[in-house]
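Peer 1:
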Amino acid sequence: MSSIDYQRLTFDYQPCAEQSSAAPESHVSAQAPHPVIVVGAGPVGLATAIDLAHQGVRVIVLDDDCTLSTGSRAICFAKRTLDIFDRLGCGERMVQKGVCWNVGRVFLRDQEVYNFDLLPDAGHHRPAFINLQQYYVEGYLFERARELPNIEIRWKNKVSGLVQHGTPGTPEASVTLTIDTPDGAYQTTARYVVAADGSRSPVRKLIGVDSHGRTFKDRFLIADVKMTANFPAERWFWFDPPFHPNQSVLLHRQPDNVWRIDFQLGWDADPEAEKTPERVIPRVQALLGPDAEFTLEWVSVYTFSCLRMDSFRHGHVLFAGDSAHGVSPFGARGANSGVQDAENLAWKLAMVLDDRAPDALLDTYAREREFAADENILNSTRATDFITPKSPVSRVFRDAVLTLARDHAFARQLVNSGRLSVPAVLHTSTLNTPDRDTFVGRMMPGATCLDAPLSRNGQDGWLLPRLGGRFVALVFGSPSSLDAAALAALLEMANDRVPVMPVFVTSDVTQTADETDLSVWYDAQGLAAQRYDATPGTVYLVRPDQHVCARWRSLDVAAIAQAREQALGRAVSTQSALPCAA
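Residue numbers 1 to 582, in the UniProt record's numbering, belong to the letters of the sequence shown in order.
1) Of all the options N336, N246, S421 and P255, which has the alpha carbon lying nearest to the alpha carbon of Q264?
2) Write down the C-beta distance between K158 and D218 rounded to the nearest angstrom, noting that I regard them as a contact closer than 8 Å.
3) Is T276 helix, strand or coil when you go by DSSP?
4) When the cut-off is 8 Å and only beta carbons count, does C100 lie next to chain C?
5) Using only the alpha-carbon positions, how far apart do V327 and S507 sit?
6) First and last residue of the alpha helix (DSSP H) that includes N344?
7) Using the Cα positions of R204 and A74, report the straight-line distance between them to the nearest angstrom.
8) If you follow the alpha helix (DSSP H) that D63 is in, where does it begin and where does it stop?
9) Decide if K390 is buried, meaning its Cβ has at least 16 other Cβ atoms within 10 Å, or exposed.
10) In three-state DSSP terms, what is A74?
11) List the whole-angstrom C-beta distance separating Q164 from T178, where the pair is believed to meet the contact cut-off of C-beta under 8 Å.
12) Is the beta carbon of R564 less than 8 Å from the beta carbon of V505?
13) So the beta strand (DSSP E) T188 belongs to, where does it begin and stop?
14) For the alpha helix (DSSP H) that contains Y135, what are its first and last residues?
15) Return the residue from the list E343, G40, T381 and D197 that minimises the CA-CA distance to T543.
16) Would the stretch 306-324 and the stretch 247-258 be scored as touching if the rule is three or more Cβ pairs under 8 Å?
17) Considering R219, what are the terminal residues of the beta strand (DSSP E) in which it resides?
18) What's the C-alpha gap between G166 and E172?
19) Report, in whole angstroms, the separation of the C-beta atoms of N131 and W101, which I expect to be a contact under 8 Å.
20) Between the Cα of P465 and those of K275, Q14 and G89, spot the shortest distance and give me the residue it belongs to.
21) According to the neighbour-count rule (16 or more other Cβ atoms, all chains shown, within 10 Å of its Cβ), is H314 buried or exposed?
22) Go through the stretch 380-417 residue by residue and report every complete run of the beta strand (DSSP E) that reaches 3 residues or more, in order.
23) Where does K205 fall in DSSP's three states?
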C-alpha cells in the first residue's frame, strides 16, 4: 500500500441497488430506511462510519467526488486523535507513516524566544502530535472502512435534496435524500443523517441554516516544499523573521521529505498572484537560503474564520467537523476536533438505533460538541489576534511580550503562536455524575481518559485499548480484594443490555497471573494510579468514547448502574429534543 499515490487515487462510480428505471418514490416507500447515511468521505465522515460499523451499525457514505484531498491541508494530528484512530484500527499505520513530534520553538526575528514540550512526561503510547498529510489520513481511513462489511461508500453521489419526516425519537422519523449521480437522480431514506460535508456544507444549505462568527482580514500562503533538510521534527514559529519581515512564518516537517511552510501575507495580498511560482519561490529561498534545492508540491492561499452553527443537531440531521464549526489553522484544532465529534456521536447513534438509549441522547452530542467548539474558537481567536495584531497598540504589546519571554516565564504564558489542540473537558455535561468523594488531578467527570503502561503475564500493554468502545468499570485493585457479593454483582453487569465491562488495574503483579479469565492488569510503574489519583478500591465509570462519567473511592454497583443511566441520557428531558427542520 505504501506505493499508492493517494493524491492521484480515483474511485469508480458504481450504481447502487436503489437506482433503477422505476420512479424514485416507489423505491423510497418500498424499503426500510438505512440506519445512518454519512455525507462526506473526508476524515470526519470516514471516522464516523468506521466507528458506527464497529458497533454493528450499517452505514452508507456518500461523497460528491471520487478522489481524496489534494495538498497537505490538515497535517497535525494530536495524541487524542491518534488514540481514536487506534480504536478504529488504523492508528499504528498513521504513526508509522507520520512524523512524530512533541517540541515547539518560538522565534522573534532570528532569536529563539523559548521552547516547549507538549508531552514532557514518559509513559504514553502515542506522541503529542504526528504530522501526516490529509490525503494519507483519508486513504488509510478509506482502506480501513473497506475492510468492514457493513460500510458502503458511494462515490459521485451528490446530495441535492433533503426532506425530514416525523418527530425525533418516533418510529416514523426519517430523512429522505435526493442524490444526483452520473446516471441521474435517485432517492433514499435514512433514520439519521450525519453531515460531514465540509465548511461549504451542501446539507447545511439544504436545511437553510448557516454558521456565524468572525472572519479575519488576513491571508496566508501554504507551500508544500519537497527537499532534503536538517531541520528537526519540531514545530517552528517565527514572529517578524528577517527573511519575511513584519509577518509570521510556521514550519512543519511532513513525511516524504515534504515541508509545510505557512507565510503570513497580509490582507492586501492578491491571492492569485501569491500562488504563482514567481512569488512563492523567492519566499522559500529567503527562508532556506539562495542555494537550497527544492520543488513545490502544492501551494494555496487562504483566509480563515472562527465560526460555528448555532446548533449541531437539526431534527434527524447531525453536523460534524467543518460543516458544524471552523477555526483558524493555528493550534491544529480543526481536523482533531472533527474526529472527536465523530467519536462522541457514533456511540450515541448506535445506542439510540438499538433502542438502548432515548433519542434525547443525541441532543447531548450537540451540546457537548458545541461546548468543545466554543473552546476551540476562543483559543483560535486569541491566537489569531496575537499573531496578526490589528492596531499599533496591539503590535507593541505583542512585541513586548515576546521580548520579555526570552528571560521571564510569566511572559511565556502570554505568548500565543497557537494553543495546540487538546480534548475538551466536558465538565458541564448532563451525562456526568458529580463526585461524591474527594479527588485531585485531571480525571474529573467529562475528561478524556489518559493512557498508561500496563502489563500482564510478562506482556506489555496500554490502558486505553483495555477500555475499547464500551462502558467500562475501571477498578483499581484485584478482583480478590473485593467483597464477593459486590464482585459478583459487578461481573453480572457485563451481561446487561448495556454492558459495563470490568477492567482491573492492580499494583500486585501476582494477581494478573492468577485471574487470567478476567481483564486484570499490572500497573508496574504506578502511572495509571498516579494519573487517576487512585487509591486501592477506586472505581471509574468510562463512556464508550473514553470520557470519564463518574468515579468513586470504593465499589458501589448500584451507583455504577445509576451513573450508566445518567450517561445514556435517561436523566435528560425529552423536551430538549430539537424540532424537525424541513
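The beta-carbon is built from N, C-alpha and C at its ideal position, and this holds for glycine as well.
Peer 2: Put simply:
1) If you number the sequence shown from 1, residue 264 lands on position 264. For Q264, the nearest C-alpha among the options comes from N246.
2) The residue you call residue 158 lines up with position 158 of the sequence shown. The residue you call residue 218 lines up with position 218 of the sequence shown. Incorrect: roughly 33 Å between the Cβ atoms, too far for contact.
3) By one-based count along the sequence shown, residue 276 stands at place 276. If DSSP states are grouped into helix, strand and coil, T276 belongs with coil.
4) Of the protein chains in this structure there is only one, and it is not chain C.
5) Within the sequence shown, the letter at position 327 stands for residue 327. Within the sequence shown, the letter at position 507 stands for residue 507. So the two alpha carbons sit approximately 43 Å from each other.
6) Against the sequence shown, residue 344 aligns to sequence position 344. First-last of the alpha helix (DSSP H) with N344: G334 to L353.
7) For the purposes of this step, residue 204 is taken as residue 204 along the sequence shown, with counting starting at 1. For the purposes of this step, residue 74 is taken as residue 74 along the sequence shown, with counting starting at 1. Roughly 22 Å separates the two Cα atoms.
8) For the purposes of this step, residue 63 is taken as residue 63 along the sequence shown, with counting starting at 1. That residue, D63, is in no alpha helix (DSSP H); its beta strand (DSSP E) goes V59 to D63.
9) For the purposes of this step, residue 390 is taken as the residue at position 390 of the sequence shown. Per the 10 Å Cβ criterion, exposed.
10) Indexing the sequence shown from 1 puts residue 74 at position 74. A74: coil per DSSP, three-state reduction.
11) As a working mapping, residue 164 is identified with position 164 in the sequence shown. As a working mapping, residue 178 is identified with position 178 in the sequence shown. Rounded, the Cβ-Cβ distance is 13 Å, inconsistent with contact.
12) Indexing the sequence shown from 1 puts residue 564 at position 564. Indexing the sequence shown from 1 puts residue 505 at position 505. No; because the gap between Cβ atoms is not below 8 Å, this pair is not in contact.
13) As a position in the sequence shown, residue 188 is number 188, starting the count at 1. Per DSSP, T188 belongs to the beta strand (DSSP E) from G184 to A195.
14) Along the sequence shown, read from residue 1 onward, the residue named residue 135 stands at position 135. That run of the alpha helix (DSSP H) goes Q134 to R146.
15) Indexing the sequence shown from 1 puts residue 543 at position 543. Note that residue 543 is Arg in the sequence shown, not Thr. Of E343, G40, T381 and D197, the residue nearest in Cα terms is E343.
16) no
17) Your numbering for residue 219 matches position 219 in the sequence shown. Taken as a continuous stretch (DSSP letters only), the beta strand (DSSP E) holding R219 covers S211 to K226.
18) Mapped onto the sequence shown, residue 166 falls at position 166. Mapped onto the sequence shown, residue 172 falls at position 172. So the alpha carbons of these two residues sit roughly 6 Å apart.
19) Residue 131 sits at position 131 when you count from the first residue of the sequence shown. Residue 101 sits at position 101 when you count from the first residue of the sequence shown. Correct: roughly 7 Å between the Cβ atoms.
20) Here residue 465 refers to the residue found at position 465 of the sequence shown. Closest by alpha carbon: G89.
21) If you number the sequence shown from 1, residue 314 lands on position 314. Under this definition H314 is a buried residue.
22) none
23) For the purposes of this step, residue 205 is taken as residue 205 along the sequence shown, with counting starting at 1. Of the three classes helix, strand and coil, the one that applies to K205 here is helix, per DSSP.
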